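Engineer: Here you go, one structure.
4 protein chains.
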Amino acid sequence: MIKTTILRGKKPRLKNPVLIEGLPGVGHVGKLVAEHMVEELGAKKIMEIYSPHFPPQVIVEDDGTIRLVRNELFAYKSKGKHDLLILVGDHQSATNEGHYELCGVFLDIAEEFKVERIYALGGYGVGQLVETESVMGAANNIKLVKELKKYGVEFKANEPAGGIVGASGLILGLGELRGIDAACLMGVTSGYLVDPKSAQAVLKVLCKVLEIDVDMAALEERAAEMEKIVAKLREMEQGQMPPTTDEDLRYIG
Amino acid sequence: MIKTTILRGKKPRLKNPVLIEGLPGVGHVGKLVAEHMVEELGAKKIMEIYSPHFPPQVIVEDDGTIRLVRNELFAYKSKGKHDLLILVGDHQSATNEGHYELCGVFLDIAEEFKVERIYALGGYGVGQLVETESVMGAANNIKLVKELKKYGVEFKANEPAGGIVGASGLILGLGELRGIDAACLMGVTSGYLVDPKSAQAVLKVLCKVLEIDVDMAALEERAAEMEKIVAKLREMEQGQMPPTTDEDLRYIG
Amino acid sequence: MIKTTILRGKKPRLKNPVLIEGLPGVGHVGKLVAEHMVEELGAKKIMEIYSPHFPPQVIVEDDGTIRLVRNELFAYKSKGKHDLLILVGDHQSATNEGHYELCGVFLDIAEEFKVERIYALGGYGVGQLVETESVMGAANNIKLVKELKKYGVEFKANEPAGGIVGASGLILGLGELRGIDAACLMGVTSGYLVDPKSAQAVLKVLCKVLEIDVDMAALEERAAEMEKIVAKLREMEQGQMPPTTDEDLRYIG
Amino acid sequence: MIKTTILRGKKPRLKNPVLIEGLPGVGHVGKLVAEHMVEELGAKKIMEIYSPHFPPQVIVEDDGTIRLVRNELFAYKSKGKHDLLILVGDHQSATNEGHYELCGVFLDIAEEFKVERIYALGGYGVGQLVETESVMGAANNIKLVKELKKYGVEFKANEPAGGIVGASGLILGLGELRGIDAACLMGVTSGYLVDPKSAQAVLKVLCKVLEIDVDMAALEERAAEMEKIVAKLREMEQGQMPPTTDEDLRYIG
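If you're matching them up, the sequences are chains A, B, C and D in order. Start counting the first sequence at 1; every next residue gets the next number (this note's numbering). Start counting the second sequence at 254; every next residue gets the next number (this note's numbering). Start counting the third sequence at 507; every next residue gets the next number (this note's numbering). Start counting the fourth sequence at 760; every next residue gets the next number (this note's numbering).
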């Protein structure tokens, strides 16, 4: 395989589709949200994307079978205004140029389905444990910025200071060049831990924006578990407790 | 040379061929098994594979001549059910994309010879000295998993946790996309030492699976030597002995 | 996007144009000069250059919108002898080969506009705080060296000892192969700090060479601010003062 | 520039030409020998080789002009049996694949001139100061090994143990695939210092092999200077003398 390759299922007809990208990144926030949506909505897989820009790696499943690392596209036919395309995956590109190529592929798909808008989901790492849940935004046009502010998304001048790196950033940047509306929703998170609580915050905003309902029980449960871990970490920080060997800590990624 | 290049000898006619891959990796387990088989079975070289994805390096032979680093394919006409193709080599790809390209080349060869199955051999590093010999498996379809379990191959959910990286993994993953049955046999090993004992364990399974006999004396001898080293390492670990300067330790790779 | 891509505005007619390159580099000297010129002269943007050789990154603007990292070309119609093309940008290439490709693109543009000469601006890092302002030069032909010496530009045998790395160097080197006159003007700087004072020194030389006037007030102001910081650093060096937490230090890049 | 590019002067007619490669490497031994030969023999430059696989860098000359890093080919019409082609340069490839591509280019040139043999010159780093001068060899066929042994070149089984990495190795390895005789002559050297004494040892062998005379005065002078430095280093090693600040040490590269 010397080129990015797409395996396609039957192409669905979608109504005013919106593309949601949730590839792995800071705190796995985007990935948690997108995978949760696929699960809860029962979205149907319509594409697998393989690429030499991903690491040369297979993942071993529960039953001992393997599968090549990949990105996947799911489709969900909604009863609301917008059908959804949801992009999830094991990895982002392992190379610089690969990011540009793959995001180009994602935008080709967006154009093929005439998506009205793209939401790129991610985390915004602040380097310390986060008390309150908040969602930072960035968008590739000012109209979108204004619209998202109404939903409580925060926009701060020049933040993140280092820009947005990787697929979420490039989808917005390359999307602008093609005239595709795209916004990034970033759950504020420590950046140290997989953060289902931050994912919940992002999902709440997304549900409001898309006027859909997604059951959050599973995510809440994971968030509650994580809360316990965070509480312990705080204790340890304050009381100089020795690190626990509690099994719960195995979730720390 | 700007492309992967194959030098071909005369193409043999093979009966129900099976491809065995034993490139360098964890504990050099796969390499030890495959090179031992080539040696003991008197397999005949039929291809040399050169690639700009290998390191820019030549190896100096005993007589002062050199040869470019490469992968080699050997053929063995068996009296049993399956003739064998055995892939060995000095290196795996040095780059990400190179892994995808080279494994594509290996699968082209598998298709050219209409191989029935591929066994990718490797080591499974557990980070500590290993007492009992065991062979972990992974496969690109569930039928193969079931079949291999009968031969004592162990399958554990999601292990190796980090997936299988490099040629052995990709051959299974890319093989699946092409509909080629492929399984990985991984000798459990410390990961710190070249491990002929683990290689022996893998070879035993492979001989049963393929219904062939391979003389193991040479491998047993190397394994016995290594056992002595391991015994010394254990002593040192337990008794806090100072590291020996014994010549035997020169084998530690 | 798998290739370097240029978005073009209307092509201006330019009189004896000179190209000025000020991409990010040592002490951001070149970038400071070129961006200051664009600002003060009111130069007009005529091209945006995007490339997979840049980092996969977008920059967040003041209003929450983003833009893909890029290089930009501005044109300025002068009342003097030479119209100007000014090349600025967020990044240089992130890869070796990318530098060669992008500088080839810059020289294609230079040839398209039949530029008479290129000035590549940069910093020359000496590893310690610099008292006096001086500008080092290098050029791709001896006539240019002689001419620039008249303007006080210093040339020292084999300096910088490590050669000139990146866009400024390659524009001269590849320019020579195409027969395009090009010189590098390097403000001597510590290399530790963004250095507007050094930028001022380079701009003064450039104004004399091009026989143009550029208001330096903004640059002087930034230089004055930086002077204060440098003074503090000196004090700290000499008096072993503990590092200050003064807000002014936030400018140190 | 996105491809390796050759600028050619007038092509000379050469008699039984031999190609000598002396690119930078361990102890700069090969480079010292080849550049010394170009100088002393008054060889004439016939090609310049530029490549995006070299670092993106220009070198500043004595007069303030620059030149792009490159490799150069010189031709020398001898009165003896063999005319010479001598390959020197500022750098080897900065990338893996680049090594393969560039050595392919060198071999294209060798074939274009129908060279009878290639001598790739280099250093063999042993990690400690070297008392006696000796030259290690490797070749891409056994006849060459036997021939070179007569000239005192030493061949040891599997040495260098790590193989020969870079241009010298690849020229032999890729040369073998094309049926071009090639040998590597490696001056034994510490690997820590630029080593003109080791270069002298290599040059002596090469002069005998090629039946030519090359004045060695300049190289002897540099070797004598280096000897003084080495003597001091030895003293320091033995007597635990504090490091000298003697100006002679400036040559240590």
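Ideal Cβ positions, reconstructed from N, Cα and C, are used throughout, including at glycine. None of the values given here were measured: they were computed from a predicted structure.
Along chain B, which residues have their Cβ under 7 Å away from the Cβ of Glu-906/D?
Structural biologist: Taking the fourth sequence and counting its residues from 1, the one referred to as residue 906/D is at position 147. Those within 7 Å of Glu-906/D in chain B number zero; the least Cβ separation is about 11 Å.
Engineer: Between which two residues does the beta strand (DSSP E) harbouring Asn-830/D extend?
Structural biologist: Numbered from its first residue, the fourth sequence carries residue 830/D at position 71. 830-835 is the span of the beta strand (DSSP E), which, as asked, contains Asn-830/D.
Engineer: Compile a chain-ordered list of the residues in the segment 335-361 of chain B whose CB is closer than 8 Å to at least one CB of chain A.
Structural biologist: If the cut-off is 8 Å between Cβ atoms, the segment 335-361 of chain B has Ser-346, Asn-349, Glu-350, His-352, Tyr-353, Glu-354, Cys-356 and Gly-357 near chain A.
Engineer: Kindly give me the distance between the Cβ atoms of Val-700/C and Gly-595/C, rounded to whole angstroms, as I take these residues to be in contact under 8 Å.
Structural biologist: Looking up residue 700/C in the third sequence gives position 194. Looking up residue 595/C in the third sequence gives position 89. The Cβ separation is near 16 Å, so there is no contact.
Engineer: Kindly list, in the order they appear in chain D, the residues whose Cβ is closer than 8 Å to that of Gln-453/B.
Structural biologist: Position 200 of the second sequence, counted from the start, is the residue given in the question as residue 453/B. What Gln-453/B touches in chain D: nothing, since even the nearest Cβ is about 26 Å away.
Engineer: Can you list, in chain order, the residues of its chain whose CB lies under 8 Å from that of Glu-176/A, leaving out five sequence neighbours each side?
Structural biologist: Stepping through the first sequence from its first residue, residue 176/A is reached at position 176. Cβ neighbours of Glu-176/A beyond the five flanking positions: Asn-140, Asn-141 and Ala-182.
Engineer: Does the beta carbon of Leu-68/A sit closer than 8 Å to a beta carbon anywhere in chain B?
Structural biologist: Here residue 68/A is taken as the residue at index 68 of the first sequence, counted from 1. Leu-68/A counts as touching chain B.
Engineer: Just confirm the distance between the C-beta atoms of Thr-571/C and Tyr-630/C, as a whole number of angstroms; I'd bet it's less than 8 Å.
Structural biologist: Reading the third sequence from its first residue, position 65 is the one you call residue 571/C. Reading the third sequence from its first residue, position 124 is the one you call residue 630/C. So it is not a contact: roughly 36 Å between Cβ atoms.
Engineer: Looking at the unbroken alpha helix (DSSP H) that takes in Glu-111/A, where does it start and where does it end?
Structural biologist: Locating residue 111/A in the first sequence gives position 111, where the first residue counts as 1. Where Glu-111/A is concerned, the enclosing alpha helix (DSSP H) stretches over 96-112.
Engineer: What does Val-532/C touch in chain A if you count any residue whose Cβ is under 9 Å from its own?
Structural biologist: The residue you call residue 532/C lines up with position 26 of the third sequence. Ordered by position in chain A, no residue passes the 9 Å Cβ test against Val-532/C, which lies about 20 Å from the chain.
Engineer: Which two residues bound the contiguous beta strand (DSSP E) that contains Leu-816/D?
Structural biologist: Translated into the one-based positions of the fourth sequence, residue 816/D becomes position 57. Going by the sequence as given, residue 816/D is Gln instead of Leu. Run containing Gln-816/D: 816-819, per the beta strand (DSSP E) assignment.
Engineer: Please list, in chain order, the chain B residues whose beta carbon lies closer than 7 Å to that of Gly-64/A.
Structural biologist: Numbered from 1 along the first sequence, position 64 holds the residue referred to as residue 64/A. Going along chain B in sequence order, the residues near Gly-64/A (Cβ under 7 Å) are Gly-390, Ala-391, Ala-392, Val-398 and Phe-408.
Engineer: If the cut is a Cβ gap below 7 Å, which residues of chain A does Met-507/C touch?
Structural biologist: Locating residue 507/C in the third sequence gives position 1, counting from the first residue. Neighbours of Met-507/C on chain A, chain order: Tyr-100, Gly-104 and Leu-174.
Engineer: Show which residues of chain A have a CB atom less than 9 Å away from the CB atom of Gly-416/B.
Structural biologist: The count along the second sequence starts at 1 and reaches residue 416/B at position 163. Neighbours of Gly-416/B on chain A, chain order: Pro-55, Gln-57, Val-58, Ile-59, Val-60, Ile-66, Val-69 and Asp-90.
Engineer: Take the Cβ of Ala-484/B as the centre, count every other Cβ of all protein chains shown within 10 Å, and call the residue buried at 16 or more, exposed below.
Structural biologist: Position 231 of the second sequence holds residue 484/B. That one is exposed.
Engineer: To the nearest angstrom, how far is the alpha carbon of Arg-234/A from that of Glu-400/B?
Structural biologist: By one-based count along the first sequence, residue 234/A stands at place 234. By one-based count along the second sequence, residue 400/B stands at place 147. Those two C-alpha atoms are separated by around 50 Å.
Engineer: Using the C-alpha atoms, what's the distance from Val-58/A back to Glu-500/B?
Structural biologist: By 1-based counting over the second sequence, the position of residue 500/B is 247. By 1-based counting over the first sequence, the position of residue 58/A is 58. Bear in mind that the predicted position of Glu-500/B carries a pLDDT of just 42, short of 50, making it unreliable; the figure below should be weighed with that in mind. Spanning the two alpha carbons is a distance of roughly 39 Å.
Engineer: Pull the bridge partners of Gly-80/A from the DSSP assignment, please.
Structural biologist: Sequence index remark: in the first sequence, residue 80/A carries index 80 (1-based). For Gly-80/A, which the question treats as bridged, DSSP gives no partner whatsoever.
Engineer: Quick check on the DSSP output: the alpha helix (DSSP H) that includes Met-985/D runs from which residue to which?
Structural biologist: For the purposes of this step, residue 985/D is taken as the residue at position 226 of the fourth sequence. First-last of the alpha helix (DSSP H) with Met-985/D: 976-998.
Engineer: In the structure shown, what three-state DSSP assignment does Ile-395/B receive?
Structural biologist: For the purposes of this step, residue 395/B is identified with residue 142 of the second sequence, where counting begins at 1. If DSSP states are grouped into helix, strand and coil, Ile-395/B belongs with the helices.
Engineer: Measuring alpha carbon to alpha carbon, tell me which of Ser-852/D, Val-828/D, Lys-873/D and Gln-851/D ends up nearest Pro-771/D.
Structural biologist: Mapped onto the fourth sequence, residue 771/D falls at position 12. Ranking Ser-852/D, Val-828/D, Lys-873/D and Gln-851/D by Cα distance to Pro-771/D puts Lys-873/D first.
Engineer: Cα-Cα, which of Pro-811/D, Asp-821/D, Gly-863/D and Arg-767/D is closest to Leu-929/D?
Structural biologist: Residue numbering aside, residue 929/D sits at position 170 when the fourth sequence is read from its first letter. Of Pro-811/D, Asp-821/D, Gly-863/D and Arg-767/D, the residue nearest in Cα terms is Gly-863/D.
Engineer: Are three or more beta carbon pairs between the segment 91-99 of chain A and the segment 40-60 of chain A nearer than 8 Å?
Structural biologist: Yes, they touch.
Engineer: What does Tyr-264/A pair with, by DSSP beta-bridge criteria?
Structural biologist: Not covered by the structure: residue 264/A. The range shown for chain A is 1 to 253.
Engineer: Quick test of the definition: if touching needs 3 or more C-beta pairs under 8 Å, does the segment 703-723 of chain C touch the segment 542-555 of chain C?
Structural biologist: With the cut-off at 8 Å, the segment 703-723 of chain C and the segment 542-555 of chain C touch.
Engineer: Apart from the five residues just before and just after His-795/D, which ones in its own chain have a Cβ nearer than 6 Å to its Cβ?
Structural biologist: Residue 795/D sits at position 36 when you count from the first residue of the fourth sequence. Excluding positions up to five away in sequence, the list reads Leu-978.
Engineer: Cβ of Ile-555/C less than 8 Å from any chain D Cβ?
Structural biologist: Sequence index remark: in the third sequence, residue 555/C carries index 49 (1-based). Not closer than 8 Å to any Cβ of chain D, the Cβ of Ile-555/C fails to qualify, so no.
Engineer: Let me see if you follow: with CB-CB separation under 8 Å, is Pro-558/C close to chain F or not?
Structural biologist: The structure shown contains no chain F; the protein chains it does contain are A, B, C and D.
Engineer: Do you know offhand how far Leu-206/A's Cα is from Cys-184/A's?
Structural biologist: Taking the first residue of the first sequence as position 1, residue 206/A is located at position 206. Taking the first residue of the first sequence as position 1, residue 184/A is located at position 184. If you take the alpha carbons of Leu-206/A and Cys-184/A, they lie about 11 Å apart.
Engineer: Can you tell me which of the three DSSP states Met-796/D falls into?
Structural biologist: Here residue 796/D refers to the residue found at position 37 of the fourth sequence. Correct three-state label for Met-796/D: helix.
Engineer: Taking Cβ positions, are Ala-897/D and Leu-931/D nearer each other than 8 Å?
Structural biologist: Within the fourth sequence, the letter at position 138 stands for residue 897/D. Within the fourth sequence, the letter at position 172 stands for residue 931/D. Going by C-beta atoms, Ala-897/D is nearer than 8 Å to Leu-931/D.
Engineer: Distance, Cα to Cα, Leu-249/A vs Ile-6/A?
Structural biologist: For this step, residue 249/A is matched to residue 249 along the first sequence. For this step, residue 6/A is matched to residue 6 along the first sequence. Note that Leu-249/A scores a pLDDT of 39, beneath 50, so its modelled location is shaky and nothing firm can be said.
Engineer: Closest to Leu-591/C by CA distance: which of Gly-658/C, Phe-661/C, Glu-733/C and Leu-716/C is it?
Structural biologist: As a working note, residue 591/C is residue 85 in the third sequence. Nearest of Gly-658/C, Phe-661/C, Glu-733/C and Leu-716/C to Leu-591/C, Cα basis: Leu-716/C.
Engineer: Along the alpha helix (DSSP H) that carries Leu-929/D, what are the first and last residues, could you check?
Structural biologist: Working through the fourth sequence from its first residue, we reach residue 929/D at position 170. Start and end: 926-937.
Engineer: In chain C, which residues lie less than 8 Å from Asn-16/A when you measure between Cβ atoms?
Structural biologist: On the first sequence, position 16 is the one that residue 16/A refers to. None at all; the shortest Cβ gap to chain C is about 24 Å.
Engineer: Output yes if chain B places a C-beta closer than 8 Å to the C-beta of Ile-901/D; else output no.
Structural biologist: The residue you call residue 901/D lines up with position 142 of the fourth sequence. So, interface residue.
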